[in-house]
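Structure first, commentary second.
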Amino acid sequence: MVKIILILISLAVFISSIFADQSDIIEVRDVPNDDGSALLINWEKPDYDVYGYQIYRLDQGTNEYIQVGEITNADQTEFIDYDPRYPLIPGVQVQYKIISLDHLGNELEVVGTSELFSTQASLFNFYKVNSFIATAFIFVALILFLNLARKGKGLFIRKIAGLDALDEAVGRATEMGKPVLYVPGLSTMDDVATIAAINILGPVAKKVAEYETKIIVPNTNPIVYTITHEVVKESYLEAGRPDAFDTDQVYFITDVQFAFVAAVNGVMMREKPATNLFLGMFWAESLLLAETGNITGAIQIAGTDAVTQLPFFITACDYTLIGEELYAASAYLSRDPILVGTLKAQDLEKAVILFLLLGISLFSLINFYFIHSSAINRILASILMVNS
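Per our numbering, residue 1120 is the first one in the sequence shown, and the count goes up by one each step.
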């Protein structure tokens, strides 16, 4: 009887050791720095010939394994379970089973079964430290320059030729007794270029009012028309000339692209404005507007962030604001502390990023022995990701 009991105990220990070894074969770990949507599975390569593996997962509350992956390389004993079709839910326990495959893709036997494991979302994603540092740097620079601007410190903004010529252009219109034409683009208020154009319209309209000159502002969008009307009206009020404002000088024409262009070209041919300002978002009509204005002999100042339209403006206009110069123009004209401080903070950020890119690229070309190429690639990718 004692022998039978000992045999049963030995058998139980042997069976339990088999299952224990199977669970020890597979190791499941949580993938760090993620939202709890992935798990890393490692297992030991069997001591017999295999040609691949199939990975199965059993979710808590279900009684059927689902295949979450297949590996055709026998030496690969690592797998990351991340499949949007079968998402992992943080806190829900799962169990994995690895099955070996032969050269035909047929199942051989179970390599092992893991213990129950649940994924958890990481509190911090340390892969985003570069973004955090960049954001903190931008925030500190912004606060610093805002305080300097509010204290009246002279913050240098490089000269923009087109805006420096604005006084000359408005003065020429006054001397000739002709109006100033201002076209705030053909886009909507959702466009950054339109917002920038309206920001510039305020100082321009105020200067026109001070010179007692007429300004014409045709619009192709009803919402933009409403805003430009109020901006011009407010500018005349700030200049102390509310009586000189004519509500008919800011008007809506049509939202049809080339019909609007034909109407504006007609205004240029009839009114012969001394100064044309094309600021905002433009498309194919840019060439038609600029060429017509050039024919009338007007001073033309254009500005847009549409790269494809810049060549036409540069060719046919006297001055052109290129890209971000359009955004900086409102700060340049108004010298508002908030706008100037923001502009200087952005310039500092771009200068630092440019310096880092040039420095790391130089190190990569020289191929310093203490800088590994893969590390350089990671740093460059991080900087480019922050800049985007």
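Here a beta-carbon is modelled for each residue, glycine too, at the ideal position from N, C-alpha and C.
Helix, strand or coil at residue i according to DSSP, with G and I counted as helix
i                  : result
isoleucine 1174    : strand
phenylalanine 1264 : helix
threonine 1423     : strand
aspartate 1140     : The predicted model places aspartate 1140 with a pLDDT of 47, which falls under 50 and marks its position as unreliable; any figure quoted below should be read in that light. In the structure shown, aspartate 1140 sits in a helix (DSSP, three-state: H, G or I).
asparagine 1340    : coil
phenylalanine 1251 : helix
leucine 1285       : helix
valine 1187        : strand
glutamine 1212     : strand
tyrosine 1446      : helix
aspartate 1309     : coil
asparagine 1161    : strand
phenylalanine 1243 : coil
leucine 1440       : strand
glutamate 1301     : Looking at the sequence shown, residue 1301 is not glutamate but tyrosine. Correct three-state label for tyrosine 1301: strand.
isoleucine 1276    : coil
arginine 1269      : helix
serine 1233        : coil
glutamate 1331     : coil
aspartate 1221     : coil
leucine 1406       : helix
valine 1323        : helix
leucine 1207       : coil
aspartate 1149     : strand
aspartate 1466     : helix
Residue i and residue j closer than 9 Å at C-beta
i                  : j                  : result
glycine 1412       : glycine 1281       : no
isoleucine 1418    : asparagine 1395    : yes
leucine 1158       : leucine 1207       : yes
serine 1324        : valine 1350        : It should be noted that the sequence gives alanine, not serine, for residue 1324. Cβ atoms of alanine 1324 and valine 1350: closer than 9 Å.
isoleucine 1319    : leucine 1452       : yes
proline 1298       : glutamate 1390     : yes
phenylalanine 1397 : phenylalanine 1432 : yes
isoleucine 1334    : leucine 1300       : yes
isoleucine 1457    : leucine 1177       : no
valine 1150        : tyrosine 1201      : yes
glutamine 1368     : threonine 1339     : no
glycine 1188       : glutamine 1173     : yes
tyrosine 1330      : glycine 1290       : yes
alanine 1328       : isoleucine 1420    : no
alanine 1255       : leucine 1445       : no
threonine 1366     : histidine 1348     : yes
serine 1241        : lysine 1216        : no
alanine 1393       : alanine 1292       : yes
leucine 1406       : asparagine 1384    : no
Separation of residue j from residue i, as counted between CA atoms
i                  : j                  : result
aspartate 1140     : phenylalanine 1245 : Low local confidence applies: a pLDDT of 47 at aspartate 1140 is under 50, so the model's placement there is unreliable, and no value is given.
glycine 1210       : glutamine 1239     : 6 Å
isoleucine 1441    : alanine 1450       : 15 Å
alanine 1435       : alanine 1409       : 6 Å
leucine 1261       : lysine 1469        : 13 Å
phenylalanine 1379 : isoleucine 1342    : 16 Å
valine 1459        : glycine 1416       : 34 Å
isoleucine 1257    : glutamine 1465     : 8 Å
lysine 1326        : glycine 1304       : 20 Å
alanine 1363       : threonine 1345     : 19 Å
isoleucine 1276    : alanine 1382       : 37 Å
isoleucine 1190    : tyrosine 1170      : 9 Å
glycine 1224       : glycine 1231       : 18 Å
tyrosine 1488      : serine 1250        : Model confidence at tyrosine 1488 stands at a pLDDT of 49, short of 50, so the residue's coordinates are unreliable and nothing is read from them.
tryptophan 1162    : aspartate 1168     : 15 Å
valine 1336        : proline 1203       : 53 Å
leucine 1475       : lysine 1278        : 26 Å
tyrosine 1175      : serine 1219        : 11 Å
serine 1237        : isoleucine 1145    : 15 Å
Classification of residue i by the beta-carbon crowding that lies within 10 angstroms, buried from 16 upward
i                  : result
isoleucine 1073    : The structure shown does not extend to residue 1073, since the chain is modelled only from 1120 to 1507, so the question has no answer here.
alanine 1447       : buried
leucine 1484       : exposed
glutamine 1179     : exposed
glutamine 1428     : buried
isoleucine 1199    : exposed
alanine 1403       : exposed
proline 1322       : buried
aspartate 1166     : exposed
aspartate 1374     : exposed
valine 1061        : In this structure the chain extends from 1120 to 1507, so residue 1061 is not present and cannot be described.
serine 1480        : exposed
phenylalanine 1401 : buried
aspartate 1309     : exposed
glycine 1399       : buried
aspartate 1424     : buried
serine 1361        : A quick correction: the sequence has proline, not serine, at residue 1361. Exposed.
tyrosine 1205      : exposed
(request) Would you mind listing the alpha helix (DSSP H) stretches within the segment 1349-1401 that are 4+ residues and don't spill past its ends, in chain order? (result) 1376-1390
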